[in-house]
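Novice: The following block contains the structure, expressed as structure tokens.
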Amino acid sequence: MNQTDKPIANPIVVLREEFDDWAILFNPDTADAVGTNPVGVAAWKLMDGNRSIEDIVSEIKNNFEDAPAGVLNEIVAFVNKLDENGFVGLELERKAKNA
Amino acid sequence: MRTPRSLILEITARCNLRCRYCYFFNNPAVEYRDLPANEWLAFFDELGTLGVMRVTLAGGEPFIREDLSLLIESIVKNRMRFSFLSNGTLIGDEIAAFLAGTGRCEYVQVSVDGSCAEVHDSCRGQGSFDGAIRGLRTLQRHGISVAVRVTVHRNNVHDLENIAHFLLDELGLPDFGINAAGYMGTCCVNANDLLLNLEERKEAMATLLRLAAKYPQRISSQAGPLTDAHMWRRMEEARAQNAPAFDNGGRLTACGCPSNKITVRSDGTIVPCNMLAHVELGRINRDSLAEIWQNSPALNQLRNRHSIPLTGFKFCAGCSYIPYCTGNCPGLAYTLTGEVDHPSPDACLRRFIEEGGTIT
């Protein structure tokens, strides 16, 4: 995956935002769950298939005053984890590029 | 949690069996009626909006609903997984294939109380053993995970060895769960015939400890004789060594259910737990579940139960086990004492020993 990939959230995945600033992404088809923080939630909500990872990082930097310096790597790692668990789609994007 | 992650939904008040120790029936606080499907469908939409992850369908007997597949389709549409608490007797190929096809069925819990029809049917009625095993095998054939629950009572306490052999060796189940008939619902009427006396309780504990060693990790329990045996042994060891109090000891810390899940009765009344069916919190499709979950005074009172010290109860006065005791199930505390905020006498180690019980 690279920064120009445009991840799209799997619409079957449930986002549960909890009180204490963390959230769960739950895939009811597989019962897999991934915990995440507010930055991850913001990134998740931007994964619409139109924004690249670069775009998402840029928007998060604009919206989170205290975004850490390593936010790019953090989000790339997060998207990779979601990709591995089937929470986001990337394969079609890659195939389209490779075609 | 902003909203519950899971719910127990008693989707019907009907059952084809009349088990003699059933906790569900014979509760004067409960209105035994079924909601039409459209009420459940509207509620499932609300659960989907709230991000609920799992529902457990119970009853009554949930497979008795003729419109069950309609309800399941709505649960799936609303991005939830589901499981069942069932007697197994109404499960045929058609519904099993349907459940398997959704890919969302976590398990079906089937009650099996004996190694043979004679024992199982003594409390559940003639033909119920054959029906349960037929249903269980149907589920297995369709690749659906089966969770068997054994409820210990006077009629099967001498059959526990055979039950374990039957379930684990003959049927090849990976494991099963065990609890005991408790003083609730229909069981209150039949308590003298069914609840374990002291000698039977001692026998059940000893047998289950032996079976748990024989079948490691394959017999589980959250209540009943096996849990008591493990818990009371820990408590006795701690008391003998004058050990520091357990983290959850000395207060009414059992159980955590009101913080993790919530229950809906078959008439649509929202209650904290199916063991506390008289504590009415609201009604589905009239009251907001999120509002109840976050702000219900009755629910929050239950959640704060853990701050009530056991030293304040006359029942516990002078007890040397207090630092290691959690007070146990609030549901049983209520049916036995009339108070939710009270330790359950059923789980009292001191009383057990005073009556002649021993810890092995």
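Chains as they are written, first to last, in my numbering: chain A, 3 to 101; chain B, 3 to 362.
Note that the Cβ used here is the ideal one computed from N, Cα and C, for glycine as well.
If you're wondering where the values come from, they're calculated on a predicted model, not measured in any experiment.
Taking only runs of the alpha helix (DSSP H) that begin and end inside the stretch 66 to 152 of chain B, which ones reach a length of at least 4 residues, in chain order?
Specialist: Counting whole runs of 4 or more residues, the stretch 66 to 152 of chain B contains the alpha helix (DSSP H) stretches 70 to 79, 95 to 104, 119 to 126, 130 to 143.
Novice: Does D34 of chain A come out as helix, strand or coil in the three-state DSSP assignment?
Specialist: In the first sequence, the residue the question calls residue 34 of chain A occupies position 32. D34 of chain A: strand per DSSP, three-state reduction.
Novice: Would a check of beta-carbon distances place D31 of chain A closer than 7 Å to chain B?
Specialist: As a first step, residue 31 of chain A is located in the first sequence; it is residue number 29 there, counting from the start. Judged by the 7 Å Cβ criterion, D31 of chain A is in contact with chain B.
Novice: Between the Cα of Q128 of chain B and the Cα atoms of B:V342, B:F315, B:T91, B:G284, which residue gives the shortest distance?
Specialist: Within the second sequence, numbered from 1, the residue matching residue 128 of chain B stands at position 126. Looking at the Cα atoms, B:T91 is the closest of the given residues.
Novice: Taking the alpha-carbon positions, what's the F168 of chain B to V121 of chain B distance?
Specialist: Walking along the second sequence from the start, residue 168 of chain B turns up at place 166. Walking along the second sequence from the start, residue 121 of chain B turns up at place 119. Approximately 13 Å between the Cα atoms of the pair.
Novice: Which two residues bound the contiguous alpha helix (DSSP H) that contains L351 of chain B?
Specialist: The residue labelled residue 351 of chain B in the question sits at position 349 within the second sequence. Run containing L351 of chain B: 351 to 356, per the alpha helix (DSSP H) assignment.
Novice: Report the neighbours of I14 of chain A on chain B: residues whose CB is nearer than 8 Å to its CB, in chain order.
Specialist: Along the first sequence, read from residue 1 onward, the residue named residue 14 of chain A stands at position 12. What I14 of chain A touches in chain B: R81.
Novice: Does the stretch 8 to 21 of chain B come into contact with the stretch 50 to 67 of chain B, if we say contact requires no fewer than three beta-carbon pairs (one atom in each stretch) closer than 8 Å?
Specialist: They touch, by the three-pair rule.
Novice: Mapping the DSSP letters down to three states, classify F317 of chain B as helix, strand or coil.
Specialist: If you number the second sequence from 1, residue 317 of chain B lands on position 315. Helix at F317 of chain B.
Novice: Hey, could you find the ends of the alpha helix (DSSP H) N297 of chain B is sitting in?
Specialist: As a working mapping, residue 297 of chain B is identified with position 295 in the second sequence. Element bounds for N297 of chain B: 291 to 297.
Novice: Where does the unbroken beta strand (DSSP E) through I10 of chain B begin, and where does it stop?
Specialist: Reading the second sequence from its first residue, position 8 is the one you call residue 10 of chain B. Unbroken beta strand (DSSP E) run through I10 of chain B: 8 to 12.
Novice: Does DSSP put A335 of chain B in a helix, in a strand, or in coil?
Specialist: By one-based count along the second sequence, residue 335 of chain B stands at place 333. Residue state, collapsed to three classes: helix.
Novice: One question on the structure: do D343 of chain B and L334 of chain B come within less than 7 Å of each other, judged by their Cβ atoms?
Specialist: For the purposes of this step, residue 343 of chain B is taken as residue 341 along the second sequence, with counting starting at 1. For the purposes of this step, residue 334 of chain B is taken as residue 332 along the second sequence, with counting starting at 1. The answer is no: Cβ separation not under 7 Å.
Novice: Suppose only complete runs of 4+ residues qualify. What are the alpha helix (DSSP H) ranges in the stretch 4 to 72 of chain A, listed by chain order?
Specialist: Here the runs fully enclosed are 40 to 48, 55 to 65.
Novice: Please report the distance separating the alpha-carbon of F80 of chain A from that of L48 of chain A.
Specialist: As a working note, residue 80 of chain A is residue 78 in the first sequence. As a working note, residue 48 of chain A is residue 46 in the first sequence. Taking the straight line joining both Cα atoms gives about 13 Å.
Novice: May I ask you to report which of helix, strand or coil DSSP gives N383 of chain B?
Specialist: Nothing about residue 383 of chain B can be read from this structure; chain B reaches only from 3 to 362.
Novice: Pull up the distance between the alpha-carbon of S223 of chain B and that of R203 of chain B, whole angstroms please.
Specialist: Within the second sequence, residue 223 of chain B is the residue found at index 221, counting from 1. Within the second sequence, residue 203 of chain B is the residue found at index 201, counting from 1. Spanning the two alpha carbons is a distance of roughly 15 Å.
Novice: Assuming R56 of chain B is part of the beta strand (DSSP E), what are its boundary residues?
Specialist: One-based indexing of the second sequence puts residue 56 of chain B at position 54. Unbroken beta strand (DSSP E) run through R56 of chain B: 56 to 60.
Novice: Whose C-beta lies closer than 8 Å to the C-beta of A69 of chain A among residues of the same chain, with five residues either side of it excluded?
Specialist: As a first step, residue 69 of chain A must be located in the first sequence, where it is residue number 67. Counting only Cβ-Cβ distances below 8 Å, and skipping sequence neighbours, we find V41, I62, K63.
Novice: For the stretch 15 to 31 of chain B and the stretch 23 to 35 of chain A, state whether three or more C-beta atom pairs, one from each stretch, are separated by less than 8 Å.
Specialist: With the cut-off at 8 Å, the stretch 15 to 31 of chain B and the stretch 23 to 35 of chain A do not touch.
Novice: For a cutoff of 7 Å on Cβ pairs, would you count R18 of chain A as touching chain B?
Specialist: Counting from 1 along the first sequence, the entry for residue 18 of chain A is found at position 16. It does: the Cβ of R18 of chain A has a partner Cβ on chain B nearer than 7 Å.
Novice: Examine the Cβ distances between the stretch 186 to 202 of chain B and the stretch 133 to 149 of chain B and report whether three or more of them are shorter than 8 Å.
Specialist: Counting Cβ pairs under 8 Å, fewer than three are found: no touch.
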